[in-house]
Structure formats: C-alpha cells, structure tokens
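Residue numbers (the working numbering), protein chains in the order written: chain A, 4 to 409; chain B, 972 to 1590.
Glycine included, C-beta positions come from ideal geometry on N, C-alpha and C.
These figures come from a predicted structure and were not determined experimentally.
Shown next, in the form of structure tokens:
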C-alpha cells in the first residue's frame, strides 16, 4: 500500500504559484522528476506510489501514461511562465520506469528538451530494474538522451532478495552494468538495501562486494525501513519476520562505509557514495540544497521557491485531473522563512560539506559546540564555520538536527 | 407496602427524647445498605411510590438543583410502630472505608444503636467487622441482620451462626431480610424501636451538639451535621465551636426528611443540620462540640481529634502550565475535605507540584481521581510514603514527609507508623497470608476462627508496608476472598534507610525512597532495572545507580543509541521529515531533563507506579 500524502493547504486548480516563489526562479538549478507509477511485482517492503499493471486501466494505464505525463509538462511550462528555464537534471523514478518502452521514456525527455531546453551537460537519469532492461533497451535509452542509470540491485544474496520480493537473478546486475557501459552511459549507480530480516552481516558484506565487483560510479545504501501499511510491516507485526535492530543497522552502515571507502568511493550524503565528485547524483543534490524542481506524475512532489506541493496519488485521479485541464496537485504548503531554515538545516546536514553554522540560532550554535565535544560534528569543519557530521554523527544525524534546531 | 406518612409525626425541636431512635447501618459495600435505606424511606412514607427511585439517598443531581447538596448523612423517618406510638427514627450514614475510621467513630457516637447488615451469601467482611468493633466500643445496641435472603446462593443458617459467634448472641436473634423485596424490613423497624435505647441528655443544660459530618455545598457553604447531646439549639442563634472558639450566626437549622427542611431548632437527642455561611469545612470539624454563644457549655464532648495525614505523595501536573489549575483544584477539594493537607513542593525531576497528606491510600486515590476527573488534570504522583520521625544524634528531631528530605548523617533512630490490621479470609489461605505479612515485617497479634471456614487474623504491620501494594498482593494470594481493615495504633523504631536513585550521577529526587535496610538492595535493583527498561537510549551511555548515602548498592546502564537517522531523504520525504521533526520537538518539550538525560514523562509515571513496567518505550 502506498503511504499517505501529507496534509497541506488546498492547491489552486490551475496550479498557479505564489509570486514570492516564482521570484528567484532561474537563479537556482532547475530539475524535473518524472514518477512512473508501475511495477511488474509489488515488493512487500515498498511504500512508494506504485501499481502493478493489472491494477489499472483506462487513462491510467501504462500505455497512455507518457501522454498523460506530457500533459503535466505542458501545464508546468505554463505555470512557470515564459522565463528561459533550461533543465539541469532530469530523473525518472518509480515504480519501475523501464517498464515503459524506451520510446515512451525518450519521448518525454524530448518533450522536456523542447519545452524547457536542457543545460549543457545535463544529467538525465533513470532508475531501472535489472530484470526490465537488456542491451538493446539500454542502448535506445542512451540514444534518447539518458546519461545515467541507477539499478535497483538491493542485494546479491538470493534469500534476501526473496524476502524483499525482488524477482531478479543476482547475476543479472553485472550483466546490466556491462550493457550500460557498452551503451555509453556516463554514470552507473547501484542501489543496495541492508537490514532485511534474515540478512546476516556476512550476507551484507557479500552484497557490497558483489556491487563493488561491478565497478559502479555511485552506490546508494539504505537501511530497510519497515513502513506502516506494507506487507512487510504486517509480517513483522505478526512476528513472522524480525524487524531490523538499530544496533545491527549501525554495524551494517559502518561496514558499508568501510568497504566502499577502501575501494575508493567517498560518501557525500548519508546514504550515498560516489567514485568521484562529478559522479555524485546532481538531481538528488537539488533536493538537499533547496533547488527548484517540478515533479511530474501521480503522487510526485515539487518544490519551487519555498512552495512545496504534491500530486494526487492514484494514477486514475491524476489522469482525470489532467484530462479535465486542471492541475493534478492535491495540496501544497507555502513555507515560512523559519520552516525554510529548518529544512535547510535538516537537509544540508546530510551532506559531507555540512551546513553553515551561521544559519543556526545562538542556542543551535551552542548545541553544535556540544555536538563537536561529543564527536558528532567535525571539529575542523566547525573551525571553517560549518556543521559537518562525523562518521558517528551520520548515524545519529536526526538527533543532531533536533539539537541544532532547538 | 404502606407508603403514607404518619399525620401525627413528632415535630422537630419539640420531640420527646423517649420517642427518638438514632441508629446507623454498618455494612460492607454491595451488601445492600442503600437498598435497605430505600425500603425504610418507603415504609415510613417519607418518599412516595411516585418519587421513589433506586438508591434514593445516593443521588445528588436533584438536590443540587434545589441549591443544596445532600448525601445521606442523616435522615429523619417518622415511624408509626405497632405499639401505636409514632417514633422519630434518625438514620445516620457512616463512611465506608478504612481511611475514615475516625469519621466512622463520630457517626457511631451520634447513635445509640446500629444495624449490622451482612450479605447472606457472603458473610461478614473485615471492614464491617472493624466497624462493628468500633460500635461495640461505643456501647451501641447491635441489631444483626442478614440481607439478600431471597438469593438462591444465600446461606442464612451458616452466616447467622458466624454473626452470633462474633457478637455473642443466639443465631435466632439474627433478623432475616430482603431489602430488595421488602421482606422483614418492617420487623427490623419494630426491632429498632424496641431494642435501641432512646437518647439521654439534660434538656436544661447549656447546649452541646456533636459534629459528625460537614459537607461543602456550592450554594449554601458548609452544611454541618450534628447530634444534640444536651440542651437546645435554636434558629437565629449565635453558635460557638468549642475547639476553635469561633462564633457563627446560625443562618438555618433543620432536619432532612428526606429533603432538608428548616425547623425552629433541635432538642436533646435530635439529629439535623446547621448552616452558618462558612465556606470551609475546616471551620466545622468532625468531632467538635457546638454550643451557643450566649450560654456556652464549658466542657467539650469527648473524643475530638484533629485529622492526621498518615500517607504522603507528591502530585505534579504532567504539563507544567497546569500548576495554577492544580493549586485551585486542591483549594476547592480542601473546602470539603478537612483531612487533605498540601504544600507547594519543587522536584528537580518533576518540576513544580504539591506534597499532599492523606488519611490513607484510599483517600489518596479518591483525591487523585477527583483531581483528574472533575478538574481534568493530568497528574504524576510520586510513590506514596508514610510520615517518619527521625531522632538525630544531637537530640534534634525531624519529621519527614518526603523521602528526598530524609536527613543525611548522624541519625540516632527512625520511627515509622504502625497499624493494627485485621484480615478476614477463608481458612485455606492462612499460610499464604501469614507468609505475606511475614515478608512485610508483620507481627501476628491473634487469630480467631469466625466459623470452620473463616478466620480473622490480627497483625501489627508497618503502615509503609501496607502502602506499598499490600492489598493487591493480599487479594491475589487469596483469589480476592480476603478483606482488610487497619487502623494506625502508634509508631515503632525501625532500621530504615534512604535509597537514592542516580541517573548519570545525579539524584532523581522523585525516586528516593525510605525502605527497611533488609529491603534496600531489592528496591535498588528493582528500580534501576525498571528505569533501564523505561528510559530511551540517549546519545551517550547512561549509568543508573541505587545508593545509600555514598554507597552504591545497584547499578545498571543504558547503552548509547547508535542509530537515529532516516536513511532516505528525497523530494517526497522532505515535508514528512520536517513535520516529524516538529512533532519530535514538541515531544522533547515534554521530556524532563535530569542533567543531560532526557526522561519521558511516561517513564516517570511508569516507574512510579507500583505495577510492573509497561511496554518498553524505546525510540
């Protein structure tokens, strides 16, 4: 079951944005996220807004989806005005974007290029399931303008993949990476999950080593979160599976950071490591640095100049809104200056560079002093006016943020 | 059932003492006292069929509309007896609990006789027995009655024999009644008229009336219930309270039958109420003697005692902003509760609150429940403790009502209150009860078989042991069959020590306890383990220690939390994450800080409750 959307104020039917939010548009990098809400199989741990093909029909179907998403692009262009607004990053996520034919994905990239333009060297990423690509489809995606691909590897251990309901053969990941290289992708990333019930520390080591053997440019490693309402949460509640233990998760994280570091990858965000700075996921950095982006698709979130909004969740409702010529936005929030500061701190602290100390109140700065004493924040970064997490601090980042924002 | 009020009923203030009968009903809760009272109201015609409803005297709403709140403190019943005379019966209520022994004793002192009402299916209970002994001490005529004889499970023969054995009468003297059907109630009224002696007093002496209850009413102020012993009280007179020498104008005097009605006055032996306009029940003390200002009596009636709180607990608002409301609520309750004492207190762990003194555990529970229900307050109560008298080496003495203020240093001796406890239970459980009392430092004073299957055990026990979940333990060991009554009988010297609980080296005052030396270690281990379960892990390791003075007797530690971070934070997570943070910050405000340790209120509440700790509350 997809998780519930946040509460917010009603969003205007025409998608109009407050003038204050539009004011600085174009001065910050602009990104577009395209949500593709389809999966071949619904994974038991996943609370993302996604549906299996059999669940949907009509205008919400996979076949019609590219057209529906294009309609929102048109709406976005209108709302953002005539301003020259070339797109710095595009990211197709899901769901499983590669369930759509490469021509559909390519068509949407073309629409973005036509309507907004792409900046020189724009990053265009798609997530992909190792099962849903082959040499041919990756070649066509590359031709259509994709520069980066992120594979949902999750684990290299069969029993772990089974618990996660992942259907792919672990050996297929290396093949997919090879095809992506052959197709000429500039960046290849692998997603891993740790803390799956039944996974041992050795299993986790196996997965990391398998990932590193593929020589990716980028790795994301996420602790499994048992999200309310998922099948996994039910299994944990009924005692069929053991919920991941925080101490064990901490050990997994430390192992990952160690093995990735030894192989020459450096962390740049709590759950992300890159082979080189230019291999960092620039689209995601936009989220952490408060840049502007428009999220296309059901349940997609957007942010422009301090206004956040999110679309209706169900593909049918989404399609119906756009067919009727109105905005698919479900609700929005126009952030106060203080809320924007809170977000800056809670997001900025996740990055290796950390966040400027002068964005904190005096109480927050003295909390930062304490955090340095407690070895949660880095002392030399503090000397340079920044609150940057130590390794231990990364594992306690939320607690540090609560202290800094007191 | 006849329901017409006698036309020639005796007029209050001019009633010959010879036709007065003052009695009360001693009964265990649920043994049918209210139903019996209902039948008496009907039989004497003071309530007709139309206005009758169940438990008439217990209801409060209608009286409130009339501007006066009356429970069933005293009702005057005109009764046309078989001998052709119309008598005036005064039925006086007795509070039904262990903590209010003194109040019960004053109600009994207002009577010449008592109905001992026992459920024919259950037999006598410890409290009833304790009150019966009080009645016997007051030289009251006892009229034994078995109620609920209509029940299929009634065993009137068996329980009549038990009662006969206790009070030393013949089984055949025990009346058999069904308050529900009315069977035997008229016979009971006849027996009251026949057996209960009329009051005796000197009508020409200066007036002396004993206060046996006083109740605060929002419309009328304090309503004082009295029994006139000597002389006469008249309306519009100035009265004098002998213990305080305070004088008041009598705004109203009257009887309740069953609604309050003003009279010209009250004569020898009569029972009624006084209204003077005072607002605080402490100006109208139970047991005090009322006389007239113009012709005052010089000698007070015997037996007056100031209420003396024996059990103390700190009450703190969960939300510190409620502190003024808690103060107001305590002030309001005190208007109607002369035994409730309180003074402001500050706890490093719990903030601002009040140290409150109570007659006993039930009194504490009643007050706490009223504060929470009637005043909508959310409270943390520290574990109840008794009052200690500490004799110092230098000859000084301290009275300790808060364990955290227990003196350090050169202590010569510590004294604690001791109670005389009566336990009634089926004889099968004797071993288990003795075992419990033994572990609670009890001394067996005596044991009597009430019948073949039921036994009365008398123990001397430290009150502190009873205050700490004794009753729950007794109930569970006897499958609920045991009943308990106790009365404070004095104090004893004991090897008592203060155990402190330290979090990261800082004493948490709310957890300090005075315990017997032999139990200090067990207490320390229990509390440290409990806190380890209840306090969420922090960013650093937190040692929890129990100590007597500087000596550590138990130690646990809460391991540092190692992971507190959301792994994924992308576009769609940001709003959710910020809202979660705002919620966490709200939660953090409700945390109490002990040094650098954040302790959730729930942890304090759970640790202070005598039950086992609830679910782990880990973040």
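N- and C-terminal bounds of the beta strand (DSSP E) containing residue 286/A
What you label residue 286/A is simply residue 283 of the first chain in a count that begins at 1. That residue, residue 286/A, is in no beta strand (DSSP E); its alpha helix (DSSP H) goes 285 to 291.
Residues in its own chain within less than 8 angstroms of residue 1105/B by CB, not counting five upstream and five downstream?
Here the question's residue 1105/B lines up with position 134 in the second chain. Cβ neighbours of residue 1105/B within its own chain (closer than 8 angstroms, five residues either side excluded): 1072, 1075, 1076 and 1079.
Go ahead and pull the three-state DSSP assignment for residue 1592/B.
This structure leaves residue 1592/B out entirely; chain B is present only between 972 and 1590.
Could you tell me whether any Cβ in chain B is nearer than 8 angstroms to the Cβ of residue 157/A?
Locating residue 157/A in the first chain gives position 154, where the first residue counts as 1. Judged by the 8 angstroms Cβ criterion, residue 157/A is not in contact with chain B.
By the 10 Å Cβ neighbour count, where 16 or more other Cβ atoms means buried, how is residue 1197/B classified, buried or exposed?
Locating residue 1197/B in the second chain gives position 226, where the first residue counts as 1. Classification of residue 1197/B: buried, given that the 10 Å Cβ count is 16 or more.
Rounding to the nearest angstrom, what Cα-Cα distance links residue 1405/B and residue 405/A in this structure?
The residue given as residue 1405/B occupies position 434 in the second chain. The residue given as residue 405/A occupies position 402 in the first chain. Cα-Cα distance, rounded: 55 angstroms.
Could you pull the DSSP bridge partners for residue 296/A from this structure?
Numbered from 1 along the first chain, position 293 holds the residue referred to as residue 296/A. Looking at the DSSP output, residue 296/A shares a beta bridge with 34/A and 306/A.
Find out if the Cβ-Cβ distance for the pair residue 1513/B, residue 1529/B is shorter than 8 angstroms.
Here residue 1513/B corresponds to residue number 542 of the second chain, with the count starting at 1. Here residue 1529/B corresponds to residue number 558 of the second chain, with the count starting at 1. Yes, Cβ-Cβ distance for residue 1513/B and residue 1529/B is below 8 angstroms.
Hey, out of 1279/B, 1161/B, 1087/B and 1258/B, whose CA is closest to residue 1004/B's CA?
On the second chain, residue 1004/B is found 33 positions in, with the first residue counted as 1. Among 1279/B, 1161/B, 1087/B and 1258/B, the Cα nearest to that of residue 1004/B is on 1087/B.
Relative to the C-alpha of residue 132/A, which residue among 107/A, 195/A, 171/A and 77/A is closest?
Taking the first chain and counting its residues from 1, one reaches residue 132/A at position 129. With distances taken between Cα atoms, residue 132/A lies closest to 171/A.
Paired residues, beta bridge with residue 1181/B - DSSP:
Taking the first residue of the second chain as 1, we reach residue 1181/B at position 210. DSSP, once it has assigned bridges, lists 1198/B and 1260/B as partnering residue 1181/B.
Suppose you measure from the CA of residue 338/A to the CA of residue 1526/B; what does that come to, to the nearest Å?
In the first chain, residue 338/A corresponds to position 335, counting from 1. In the second chain, residue 1526/B corresponds to position 555, counting from 1. About 48 angstroms.
How many angstroms separate the CA atom of residue 1044/B from the CA atom of residue 1353/B?
Taking the second chain and counting its residues from 1, the one referred to as residue 1044/B is at position 73. Taking the second chain and counting its residues from 1, the one referred to as residue 1353/B is at position 382. Cα to Cα, residue 1044/B sits roughly 33 angstroms from residue 1353/B.
Please tell me whether residue 1154/B and residue 1145/B are closer than 8 angstroms, where the distance is taken between their beta carbons.
To locate residue 1154/B, count along the second chain from 1; it is residue 183. To locate residue 1145/B, count along the second chain from 1; it is residue 174. No. Outside cutoff.
Of all Cβ atoms in chain B, is any one closer than 8 angstroms to the Cβ of residue 420/A?
Given a span of 4 to 409 for chain A in the structure shown, any question on residue 420/A remains unanswerable.
How would you list, in chain order, the residues of chain A whose beta-carbon sits under 9 angstroms from the beta-carbon of residue 1555/B?
Position 584 of the second chain holds residue 1555/B. Those within 9 angstroms of residue 1555/B in chain A are 401 and 405.
Look up residue 1246/B in the DSSP assignment and say whether it is helix, strand or coil.
Position 275 of the second chain, counted from the start, is the residue given in the question as residue 1246/B. Three-state result, residue 1246/B: strand.
Residue 1529/B versus chain A: which residues are under 9 angstroms apart at the beta carbon?
For the purposes of this step, residue 1529/B is identified with residue 558 of the second chain, where counting begins at 1. Here the premise fails: no neighbours, minimum Cβ distance about 13 angstroms.
Could you check whether residue 313/A and residue 306/A sit closer than 8 angstroms to each other, using their CB atoms as the reference points?
Residue 306/A sits at position 303 when you count from the first residue of the first chain. Residue 313/A sits at position 310 when you count from the first residue of the first chain. Against a cut-off of 8 angstroms, the Cβ pair of residue 313/A and residue 306/A comes out as no contact.
Pull out every residue of the segment 1535 to 1566 of chain B whose Cβ sits closer than 7 angstroms to any Cβ of chain A, in chain order.
1535, 1536, 1537, 1538, 1539, 1540, 1541, 1542, 1543, 1545, 1546, 1547, 1548, 1549, 1550, 1552, 1555, 1556 and 1559
Given that a residue counts as buried once 16 or more other Cβ atoms are within 10 Å of its Cβ, and exposed if not, what is residue 1183/B?
As a working note, residue 1183/B is residue 212 in the second chain. Buried is the call here.
Quick one: Cα of residue 118/A to Cα of residue 70/A, how far?
Within the first chain, residue 118/A is the residue found at index 115, counting from 1. Within the first chain, residue 70/A is the residue found at index 67, counting from 1. Their backbone Cα atoms lie some 15 angstroms apart in a straight line.
Enumerated in chain order, which unbroken segments of the beta strand (DSSP E) with a length of 3 residues or greater are wholly contained in the segment 237 to 273 of chain A?
Whole beta strand (DSSP E) segments, 3+ residues: 269 to 272.
Residues in its own chain within less than 7 angstroms of residue 1491/B by CB, not counting five upstream and five downstream?
What you label residue 1491/B is simply residue 520 of the second chain in a count that begins at 1. Result list for residue 1491/B: 1468, 1470, 1519 and 1524, in chain order.
What does a CB cutoff of less than 8 angstroms around residue 150/A pick up in its chain, not counting 5 residues either side in sequence?
Translated into the one-based positions of the first chain, residue 150/A becomes position 147. Excluding five sequence positions before and after residue 150/A, the CB atoms of its chain that fall closer than 8 angstroms to its own CB belong to 125, 126, 127, 128, 188, 189 and 190, given in chain order.
For residue 282/A, which of 95/A, 251/A, 197/A and 268/A has the nearest alpha-carbon?
Here residue 282/A corresponds to residue number 279 of the first chain, with the count starting at 1. Minimum Cα distance to residue 282/A is reached at 268/A.
Can you give me the C-alpha to C-alpha distance between residue 209/A and residue 284/A, rounded to a whole angstrom?
Residue mapping note: residue 209/A aligns to position 206 of the first chain, counting from 1. Residue mapping note: residue 284/A aligns to position 281 of the first chain, counting from 1. C-alpha separation (whole angstroms): 25 angstroms.
Residue 1447/B in three-state terms, based on DSSP:
As a first step, residue 1447/B must be located in the second chain, where it is residue number 476. Note: residue 1447/B maps to helix in three-state DSSP.
Simplified DSSP assignment, three categories, for residue 1074/B
The sequence position of residue 1074/B within the second chain is 103, counting from 1. If DSSP states are grouped into helix, strand and coil, residue 1074/B belongs with the helices.
On the DSSP letters alone, give me the boundaries of the beta strand (DSSP E) that residue 1252/B sits inside.
Translated into the one-based positions of the second chain, residue 1252/B becomes position 281. Unbroken run through residue 1252/B: none, as it is neither H nor E.
Reduced DSSP secondary structure (H/G/I, E/B, other) of residue 1583/B:
Counted from its first residue, the second chain places residue 1583/B at position 612. Residue confidence is low: residue 1583/B scores 37 on pLDDT, short of 50, so the model does not pin down where it sits. Its coordinate-derived value is still stated next. It is coil, neither helix nor strand.
Any Cβ of chain B within less than 8 angstroms of the Cβ of residue 353/A?
Within the first chain, numbered from 1, the residue matching residue 353/A stands at position 350. Yes, residue 353/A counts as interfacial toward chain B.
What is the DSSP secondary structure of residue 342/A, reduced to helix, strand or coil?
For the purposes of this step, residue 342/A is identified with residue 339 of the first chain, where counting begins at 1. The answer is helix: DSSP assigns residue 342/A an H, G or I state.
Span of the alpha helix (DSSP H) holding residue 318/A?
Mapped onto the first chain, residue 318/A falls at position 315. Note, residue 318/A: alpha helix (DSSP H), 318 to 326.
Can you check DSSP and say which residues form a bridge with residue 1456/B?
The residue you call residue 1456/B lines up with position 485 of the second chain. Answer by DSSP bridge pairing, in chain order: 1393/B.
At the level of alpha carbons, what is the spacing between residue 24/A and residue 30/A?
If you number the first chain from 1, residue 24/A lands on position 21. If you number the first chain from 1, residue 30/A lands on position 27. Straight-line Cα distance between these residues: approximately 12 angstroms.
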